[in-house]
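Report on one structure; see the data block that follows.
In the UniProt record's numbering, the protein residues as written are 1 to 246.
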């Protein structure tokens, strides 16, 4: 059950930390409060939470640095906390791989809804991914179950991205949803509005810039030359088109 999930909250402001914890506990979540990156590392050593709510602006190691470090070593859902006016924080947070963000001041109901949405996507990916990845080699997949994205293959049934050797590649739940939309519509120009609509349907908060950031992150994994993309191409002023390799 999502309500039994463990949430680690990282914020250096005691009042905000307490308010966040109270809001999530009312929603039935177990909460671990962390006032710094060091506190979070201690919490991770004792048992990995199901999701991290991470403030951007903190003394010492800030939220962006923590998110980048977590994304490099763990498949752990991350929601960033940013100030309402700090668009750059939201953009950078998405660039380092955050799954979503919540702006301060926040509505406790919105926070709970965002947490549940990210947990649902992450749990679905975890539950549907096989324990052993021998069957992830693209050539052995069932017809139609795998879409080729250049240097990688999207396994639609196992909900994961694998390289040419069949090894899983790091990908967030929202990035998977974006790739699956492309896979369902090859050689079709998809507008940003269309991609935003699909993201919203899966509970992800998005904007035009967020779509662009996620496409950029995906290109770094799948394109031979991400600066000259051939698989997911930009259609200027419109959106993107997925061109399967010939």
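Backbone N, C-alpha and C fix where the C-beta goes; we use that ideal spot for every residue, glycine too.
What you are looking at is a predicted structure, and each value in this text was computed from that prediction instead of being measured.
Considering only the alpha carbon of each residue, which of 60, 188 and 44 lies closest to residue 73?
By 1-based counting over the chain shown, the position of residue 73 is 73. For residue 73, the nearest C-alpha among the options comes from 44.
Starting from the C-beta of residue 233, find all residues in its chain whose C-beta is less than 7 Å away, skip the five residues before and the five after it, and write them out in chain order.
Residue mapping note: residue 233 aligns to position 233 of the chain shown, counting from 1. Cβ within range, chain order: 240, 241 and 243.
Does the region 24-34 come into contact with the region 59-69, if we say contact requires no fewer than three beta-carbon pairs (one atom in each stretch) closer than 8 Å?
No, they do not touch.
Mapping the DSSP letters down to three states, classify residue 77 as helix, strand or coil.
To locate residue 77, count along the chain shown from 1; it is residue 77. If DSSP states are grouped into helix, strand and coil, residue 77 belongs with coil.
Hey, would you say the C-beta of residue 182 is under 8 Å away from at least one heavy atom of the ligand ATP?
Because no ligand of any kind appears in the structure shown, any question about the ligand ATP cannot be addressed here.
Classification of residue 181 by the beta-carbon crowding that lies within 10 angstroms, buried from 16 upward
Here the question's residue 181 lines up with position 181 in the chain shown. Around the beta-carbon of residue 181, 16 or more other beta-carbon atoms lie within 10 Å, marking it buried.
Sort 96, 92, 14 and 111 by Cα distance to residue 76 and report the nearest one.
Translated into positions along the chain shown, residue 76 becomes position 76. The shortest C-alpha separation from residue 76 is found at 96.
Looking only at its chain, what residues have a beta carbon closer than 8 Å to the beta carbon of residue 7, apart from the 5 residues adjacent to it on each side?
The residue given as residue 7 occupies position 7 in the chain shown. Spatial neighbours of residue 7 in its own chain (CB-CB distance under 8 Å, excluding positions within 5 residues in sequence) are listed in chain order as 24, 29, 30, 31, 32, 49, 50, 51, 52, 53 and 115.
Strand pairing of residue 83, partner residues [DSSP]
The sequence position of residue 83 within the chain shown is 83, counting from 1. Answer is 104, bridged to residue 83.
Can you tell me whether residue 55 is buried or exposed? The criterion is at least 16 other CB atoms within 10 Å of its CB, across all chains shown.
The count along the chain shown starts at 1 and reaches residue 55 at position 55. Buried, by the Cβ-count rule.
Where does the unbroken alpha helix (DSSP H) through residue 184 begin, and where does it stop?
The residue labelled residue 184 in the question sits at position 184 within the chain shown. Note, residue 184: alpha helix (DSSP H), 173-184.
So is residue 47 buried or exposed if we call it buried at 16+ other beta carbons inside 10 Å?
By one-based count along the chain shown, residue 47 stands at place 47. Per the 10 Å Cβ criterion, exposed.
Kindly indicate which three-state DSSP category residue 163 falls into: helix, strand or coil?
Numbered from its first residue, the chain shown carries residue 163 at position 163. Secondary structure at residue 163: strand, using DSSP grouped into helix, strand and coil.
On the DSSP bridge list, what partners appear for residue 233?
Position 233 of the chain shown, counted from the start, is the residue given in the question as residue 233. Beta-bridge pairing links residue 233 to 241.
In terms of DSSP beta bridges, what is residue 190 paired with?
Taking the chain shown and counting its residues from 1, the one referred to as residue 190 is at position 190. Answer by DSSP bridge pairing, in chain order: 240.
Tell me, please, whether the region 107-123 touches the region 144-151 by the rule of three or more beta-carbon pairs shorter than 8 Å.
Using a C-beta cut-off of 8 Å, the region 107-123 makes no contact with the region 144-151, since fewer than three inter-stretch Cβ pairs fall below that distance.
Pop quiz: residue 209 and residue 91 are said to be a contact at Cβ under 8 Å. What is the actual Cβ separation, rounded to whole angstroms?
In the chain shown, counting from the first residue as 1, residue 209 sits at position 209. In the chain shown, counting from the first residue as 1, residue 91 sits at position 91. Contact holds; Cβ gap of about 6 Å.
Buried or exposed by the 16-neighbour rule on C-beta atoms within 10 Å, applied to residue 102:
Sequence index remark: in the chain shown, residue 102 carries index 102 (1-based). Counting the other Cβ atoms within 10 Å of the Cβ of residue 102 gives 16 or more, which makes it buried.
Look at the alpha carbon of residue 99 and the alpha carbon of residue 112, and state the distance between them as a whole number of angstroms.
Counting from 1 along the chain shown, the entry for residue 99 is found at position 99. Counting from 1 along the chain shown, the entry for residue 112 is found at position 112. Taking the Cα positions, residue 99 is about 14 Å away from residue 112.
Between the C-alpha atoms of residue 218 and residue 175, what's the straight-line distance to the nearest angstrom?
In the chain shown, counting from the first residue as 1, residue 218 sits at position 218. In the chain shown, counting from the first residue as 1, residue 175 sits at position 175. Computed Cα separation, rounded: 7 Å.
Using the C-alpha atoms, what's the distance from residue 123 back to residue 215?
For the purposes of this step, residue 215 is taken as residue 215 along the chain shown, with counting starting at 1. For the purposes of this step, residue 123 is taken as residue 123 along the chain shown, with counting starting at 1. C-alpha of residue 215 to C-alpha of residue 123: approximately 23 Å in a straight line.
Look at the Cβ atom of residue 37, then the Cβ atom of residue 66, and state whether they are nearer than 9 Å.
In the chain shown, counting from the first residue as 1, residue 37 sits at position 37. In the chain shown, counting from the first residue as 1, residue 66 sits at position 66. By the CB criterion at 9 Å, residue 37 and residue 66 fall inside the cutoff.
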